[in-house]
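Asks: The working numbering applies: residue 5 is where the sequence shown begins, and numbers increase by one. Beta carbons: idealized from backbone N, C-alpha and C, even for Gly. In this text, all values refer to a predicted model and were calculated from it rather than measured experimentally. Below is a structure I'd like to ask you about.
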Amino acid sequence: MRKTSVFMMILILLIICNVTSFADNPRQKPVFELYSVEGFYEDSVGNAETYSYHVPQIFSDTPTAKEINAEIAERFGKRVEEQFQNMKDGFSLWSWHTEWHSYWVDSELFLLISADEEGGFKDYAVYGYDFVTDSRLTNEMILEQRGLDAELYKENLREKAQLMFEDMYGTIPQESREGMGYYTQLEKTISDENVEDAVLFVDGSGELEAVMRIYSLAGADWYYHLVTPFAYG
Numbered sequence: 005m006r007k008t009s010v011f012m013m014i015l016i017l018l019i020i021c022n023v024t025s026f027a028d029n030p031r032q033k034p035v036f037e038l039y040s041v042e043g044f045y046e047d048s049v050g051n052a053e054t055y056s057y058h059v060p061q062i063f064s065d066t067p068t069a070k071e072i073n074a075e076i077a078e079r080f081g082k083r084v085e086e087q088f089q090n091m092k093d094g095f096s097l098w099s100w101h102t103e104w105h106s107y108w109v110d111s112e113l114f115l116l117i118s119a120d121e122e123g124g125f126k127d128y129a130v131y132g133y134d135f136v137t138d139s140r141l142t143n144e145m146i147l148e149q150r151g152l153d154a155e156l157y158k159e160n161l162r163e164k165a166q167l168m169f170e171d172m173y174g175t176i177p178q179e180s181r182e183g184m185g186y187y188t189q190l191e192k193t194i195s196d197e198n199v200e201d202a203v204l205f206v207d208g209s210g211e212l213e214a215v216m217r218i219y220s221l222a223g224a225d226w227y228y229h230l231v232t233p234f235a236y237g
């Protein structure tokens, strides 16, 4: 009888230790893939290329995690489903690759997802999630947690975005800029609205980065870029 009691106590202690370890190490809660498919496809008119679709999901049944997973499935999962249907019908694909990267800071998970489209456009999205508090990480929370001033961040981001724009189009002669919409697109790039719309995350090296629209002089009206406002830590 005593042996049974001792065994049960040991078993209970092991369970408690495992639960504590799981709670203290949220990275053990994995990110799984809603889609994980790679292959080669040739459509009915001879367009051929390899495709690769990887769409992540947070392995948690909490309300906020479910909400984020639904958003990811809607934005990126449906895109993959459309490509599968195009393959079935023999049509051309308009998106060949979807990929993701995960970055951790303590209990905070940042998912950076990207998917290419025709014409060189690349769709980006960032999802920040805290496993301990079951909360979505906003720009304000990320800045506050790191002791960074929100206004300084915005001004730095605006400056870096302008530098990126000028690096891309600065060789255009002054006399041609007005006609090409240079100043209009620059103003859109550094506008308050565009700065506010940028989404922050912390990358693998601990740097704060933002997914931001940089407006274009050719092709699409704008393209997403990763802009680093400053480093911390």
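(1) CB-CB under 7 Å to I194, same chain, minus the five flanking residues each way: which ones, in chain order?
(2) Applying the 10 Å Cβ sphere with the 16-neighbour rule, what's the burial state of D52?
(3) Using only the alpha-carbon positions, how far apart do N22 and S96 sit?
(4) Apart from the five residues on each side of it in sequence, which residues of its chain come closer than 6 Å, Cβ to Cβ, to E42?
(5) What three-state label does DSSP hand G183 in the structure shown?
(6) Got a sec, what are the start and stop residues for the beta strand (DSSP E) T102 sits in?
(7) Taking 7 Å as the limit between beta carbons, can you name the residues of its chain near K158, skipping five residues before and five after?
(8) Ignoring anything shorter than 4 residues or poking outside the segment 148–198, list the alpha helix (DSSP H) runs there in chain order.
(9) Residues in the same chain with beta-carbon distance under 8 Å from D201, minus the five sequence neighbours each way, listed in chain order, please.
(10) Could you check what DSSP says for D120 in three-state terms: helix, strand or coil?
(11) Could you give the distance in angstroms between the alpha-carbon of V130 and the alpha-carbon of V203?
(12) Taking only the alpha-carbon atoms, compute the straight-line gap between D47 and A154 and give it to the nearest angstrom.
(13) Please classify W104 as buried or exposed, where buried requires at least 16 other C-beta atoms within 10 Å of its C-beta.
(14) Measuring alpha carbon to alpha carbon, tell me which of T137, H58, G94, D225 ends up nearest G50.
(15) Does the segment 111–131 touch the segment 170–179, meaning 3 or more C-beta pairs lie closer than 8 Å?
(16) Name the two residues that bound the continuous beta strand (DSSP E) containing L138.
(17) Take S139 and list the residues in its own chain whose beta-carbon comes closer than 7 Å to its own, dropping the five residues that flank it on each side.
Replies: Taking the coordinates as given:
(1) Taking the first residue of the sequence shown as position 1, residue 194 is located at position 190. Closer than 7 Å at the Cβ level, and outside the excluded window around I194, lie R162, A165, Q166.
(2) By 1-based counting over the sequence shown, the position of residue 52 is 48. Correcting the residue type first, residue 52 is Ala in the shown sequence and not Asp. Label assigned to A52: exposed.
(3) To locate residue 22, count along the sequence shown from 1; it is residue 18. To locate residue 96, count along the sequence shown from 1; it is residue 92. Any reading at N22 is ruled out, since the residue's pLDDT is 35, under 50, leaving its predicted position unreliable.
(4) Translated into the one-based positions of the sequence shown, residue 42 becomes position 38. Answer for E42: S56, listed in chain order.
(5) Residue mapping note: residue 183 aligns to position 179 of the sequence shown, counting from 1. Collapsing the DSSP output to three states places G183 in a helix.
(6) Counting from one through the sequence shown, the residue named residue 102 turns up at place 98. From DSSP, the beta strand (DSSP E) with T102 extends over 101–109.
(7) Here residue 158 refers to the residue found at position 154 of the sequence shown. V199.
(8) 154–173, 178–184, 186–193
(9) What you label residue 201 is simply residue 197 of the sequence shown in a count that begins at 1. So the list reads M216, R217, once near-sequence residues are dropped.
(10) Locating residue 120 in the sequence shown gives position 116, where the first residue counts as 1. Three-state DSSP puts D120 in a strand.
(11) Taking the sequence shown and counting its residues from 1, one reaches residue 130 at position 126. Taking the sequence shown and counting its residues from 1, one reaches residue 203 at position 199. Approximately 7 Å between the Cα atoms of the pair.
(12) Within the sequence shown, the letter at position 43 stands for residue 47. Within the sequence shown, the letter at position 150 stands for residue 154. The C-alpha of A154 is placed about 49 Å away from the C-alpha of D47.
(13) Counted from its first residue, the sequence shown places residue 104 at position 100. That one is buried.
(14) Position 46 of the sequence shown, counting from 1, holds the residue named residue 50. G50 has its Cα closest to that of G94, out of T137, H58, G94, D225.
(15) no
(16) As a first step, residue 138 must be located in the sequence shown, where it is residue number 134. Strictly speaking, residue 138 in this sequence is Asp, with Leu absent from that position. Per DSSP, D138 belongs to no beta strand (DSSP E) and is neither H nor E.
(17) The count along the sequence shown starts at 1 and reaches residue 139 at position 135. Hits under 7 Å: T68.
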